[in-house]
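K.L.:
The structure follows.
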Amino acid sequence: MDHATYLQNELEKTKSFLKNQDKLEKNLETLDKEMRQMNKTNRSLNNEKTTLQATVGSQDEYIKDLESGKEYILELVNDLNTSIGK
Numbered sequence: 000m001d002h003a004t005y006l007q008n009e010l011e012k013t014k015s016f017l018k019n020q021d022k023l024e025k026n027l028e029t030l031d032k033e034m035r036q037m038n039k040t041n042r043s044l045n046n047e048k049t050t051l052q053a054t055v056g057s058q059d060e061y062i063k064d065l066e067s068g069k070e071y072i073l074e075l076v077n078d079l080n081t082s083i084g085k
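Shown next as structure tokens:
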């Protein structure tokens with residue numbers, strides 16, 4: 000193999016290497032975009048989860064209030080029945 004052929008082969012290897020580098024950089028850019036989108040989606044899901052937990056917590060409190068109100072009304076009805084029965 001003469002020197003010119005050797006240099007031509009090295010040039011082809013270098014071109015191939017650079018082409019692969021470009022592909023890798025594009026893949027990294029794509030991955031970066033996808034990761035950013037996933038992080039954004041994850042933040043949105045966490046916000047929705049927080050909102051849902053707050054809503055469920057509020058509903059639990061509302062149900063407890065209704066049950067307390069029901070007990071209070073039942074006590075009033077019992078007191079009224081007792082006073083009518085006397």
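Counting from 0, one number per residue, gives the positions in the sequence shown under numbering that gives the first Met the number 0. In this text, a Cβ means the ideal position worked out from N, Cα and C, and glycines have one as well.
1) How many angstroms separate the CA atom of K18 from the CA atom of A3?
2) Note down the Cα distance separating K32 from K14, rounded to an integer number of angstroms.
3) Hey, how far is the Cα of E74 from the Cα of S82?
P.N.:
This is what the structure holds:
1) 22 Å
2) 27 Å
3) 12 Å
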